[in-house]
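Report on one structure; see the data block that follows.
Here it is in structure tokens:
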């Protein structure tokens with residue numbers, strides 16, 4: 001069944017009108033007709049089925065037939081803060097894969113050794129939305145605007161805070177560190193890793209240093225490894 | 001330190017001559033000079049350091065200075081058999097990421113619902129080799145030629161055999177199924193999943209059905225999830 005992302009749909013609504021772009025896609029591209037069934041996700045846990053009442057190519061009207069809330073609600077909250085890679089495609093696929101596997105919030109952090117100092121959040125959000133639809137996620141991950149690492153470190157966060165870095169020093173394995181069903185914030189550095197100063201600042205802000213295994217991982221692979229591990233340990 | 005992949009290097013050799021392509025890369029591109037230090041991996045567990053004895057742009061001669069065998073030897077053997085995706089780039093990044101995280105052998109299986117019936121192994125092998133160098137792996141994963149699923153099912157394999165499919169039915173979680181430090185063969189189907197007949201045939205060949213969690217995963221994501229889980233459970 002075809003699926004549409006309808007973030008402004010409110011639970012309890014009997015009807016919903018697709019915006020112009022989605023209407024065009026629905027009627028002109030997918031060529032769906034009156035009474036055809038579609039699925040809707042609101043990005044906040046709501047999954048709906050609907051039928052086409054008026055197949056208007058600019059203002060398609062849908063009648064909501066069924067609604068379920070908190071669809072596949074996650075049992076933990078995962079926020080990964082990762083430095084955007086020099087080749088933005090690498091972060092793009094991290095966003096796609098993390099959305100498929102399960103993530104709640106992503107922050108793009110600008111670090112001292114970041115070769116990329118900015119990232120276009122709109123474009124990246126479109127990639128997340130496509131993955132949300134493809135993998136039928138009723139919850140749409142939040143993507144925050146790029147932020148300088150010190151600013152992120154100073155933000156309050158209730159839960160377990162981790163930093164994955166490649167400098168020597170005592171590190172814990174997530175296996176033994178994770179308290180299940182919790183809130184987690186994980187920092188992943190740029191290609192050149194965090195600087196010792198950045199690591200010190202993170203430790204002062206109660207981030208615990210973790211290892212993601214013995215392999216030398218690229219930035220986006222390390223971020224995905226953390227995402228895999230935390231989802232897996234909460235399964 | 002710059003690293004070269006030298007599959008024909010034999011432990012105990014005192015000198016090694018880079019082939020024409022690597023020599024050109026070493027001298028013309030990297031502009032390395034006499035006495036410069038480089039690293040070599042033979043793909044079979046050998047990691048070496050060497051110095052440039054003769055910086056010849058076509059026949060660079062290296063003197064081996066140190067050698068270590070079984071470098072980061074893996075404590076298990078992981079063979080993933082995955083259907084090549086319609087968009088080959090998706091399998092390409094699976095190969096890159098699986099190499100970074102840890103994998104020993106990959107087979108490309110052609111299934112009844114495969115939209116792609118072939119794959120150029122040479123090109124895919126280059127991607128694996130690049131990831132081997134980037135992530136400093138002394139062991140080069142083996143990539144087998146594409147094979148029809150029934151042929152693969154009939155091949156002998158000593159170890160645990162698993163199939164990940166989306167059809168209903170009892171499935172086990174790898175968490176509880178994996179015997180550590182073992183040999184594992186995992187089947188991952190094409191975009192349209194395995195057919196019920198293919199699943200029956202796999203079960204008859206002692207493949208155990210597994211779940212990779214509740215998320216709806218793309219083919220390449222499912223393959224990587226299996227790779228993550230088995231490496232993680234053997235850590």
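Protein chains in written order, with the UniProt record's numbering: chain A, 1 to 235; chain B, 1 to 235. Think of the CB as a built atom: it goes at the ideal place given N, C-alpha and C, for glycine as much as any other residue.
| Check | Outcome |
| --- | --- |
| Rounded distance between the beta-carbons of residue 206(B) and residue 133(B), thought under 8 angstroms | Between residue 206(B) and residue 133(B) the Cβ distance is about 37 angstroms, and since that is not below 8 angstroms, they are no contact. |
| Three or more C-beta pairs below 8 angstroms linking the segment 104-112 of chain B and the segment 136-152 of chain B | yes |
| Closest by C-alpha distance to residue 155(B), when choosing among 79(B), 8(B), 124(B) and 17(B) | 79(B) |
| Sequence-distant residues of its chain with Cβ nearer than 6 angstroms to residue 229(A) (five each side left out) | 174 |
| Proximal chain B residues relative to residue 69(A), where beta-carbon distance stays under 7 angstroms | Simply none; closest approach about 17 angstroms. |
| Whole alpha helix (DSSP H) elements within the segment 149-196 of chain A, 4-residue minimum | 149-154 and 174-177 |
| Chain A contacts made by the segment 81-109 of chain B, where a contact means CB separation under 7 angstroms | 93, 97, 100, 101 and 102 |
| Chain-ordered neighbours of residue 23(A) on chain B, where CB pairs are closer than 7 angstroms | By Cβ distance, chain B contributes nothing, its closest Cβ being about 26 angstroms from residue 23(A), past 7 angstroms. |
| Residue 235(B) versus residue 39(A): straight-line alpha-carbon distance, rounded | 41 angstroms |
| CB-CB length for residue 219(A) against residue 85(A), believed under 8 angstroms | 5 angstroms |
| Residue(s) in a DSSP beta bridge with residue 63(B) | 15(B) and 51(B) |
| Cβ of residue 232(B) within 8 angstroms of any chain A Cβ | yes |
| First through last residue of the beta strand (DSSP E) which encompasses residue 211(A) | 208-211 |
| Identity of the residues DSSP links to residue 38(B) by a beta bridge | 50(B) |
| Beta-carbon proximity check, residue 225(B) vs residue 212(B), cutoff 8 angstroms | yes |
| Segment contact, 8 angstroms Cβ cut-off, at least three pairs: the segment 177-192 of chain B with the segment 62-74 of chain B | no |
| Contacts of residue 123(A) in chain B (Cβ-Cβ under 7 angstroms) | Neighbours of residue 123(A) on chain B: none; closest Cβ ~18 angstroms, over 7 angstroms. |
| Backbone CA spacing between residue 221(B) and residue 201(B) [nearest angstrom] | 24 angstroms |
| Start and end residues, beta strand (DSSP E) containing residue 105(A) | 105-110 |
| Where the alpha helix (DSSP H) through residue 128(B) begins and ends | 121-134 |
| Exposure of residue 97(A), with buried meaning 16 or more beta-carbon neighbours within 10 Å | buried |
| Partners in chain A for residue 214(B), counting only beta-carbon separations shorter than 8 angstroms | 72 |
| Burial state of residue 58(B), where buried means 16 or more other Cβ atoms lie within 10 Å | exposed |
| Chain A residues whose Cβ lies nearer than 8 angstroms to that of residue 221(B) | 97, 100 and 101 |
| Rounded Cβ spacing between residue 121(B) and residue 145(B) (contact assumed at less than 8 angstroms) | 6 angstroms |
| Classification of residue 88(B) by the beta-carbon crowding that lies within 10 angstroms, buried from 16 upward | exposed |
| Test: residue 20(A) CB closer than 8 angstroms to a CB of chain B | no |
| 8 angstroms Cβ cutoff, residue 235(A) in contact with chain B | yes |
| is_contact[residue 135(A), chain B] using C-beta, thresh 8 angstroms | yes |
| Neighbour flag for residue 217(B) against chain A, beta carbons, 8 angstroms | yes |
| Neighbour-count burial assignment, residue 10(A), 16 or more Cβ in a 10 Å radius | exposed |
| Limits of the unbroken beta strand (DSSP E) element including residue 80(A) | 77-82 |
| Cβ pair residue 181(A), residue 15(A) closer than 8 angstroms | no |
| Cβ-Cβ distance between residue 177(B) and residue 199(B) below 8 angstroms | no |
| Extent of the continuous beta strand (DSSP E) run through residue 3(B) | 3-5 |
| Range covered by the alpha helix (DSSP H) that runs through residue 220(A) | 219-233 |
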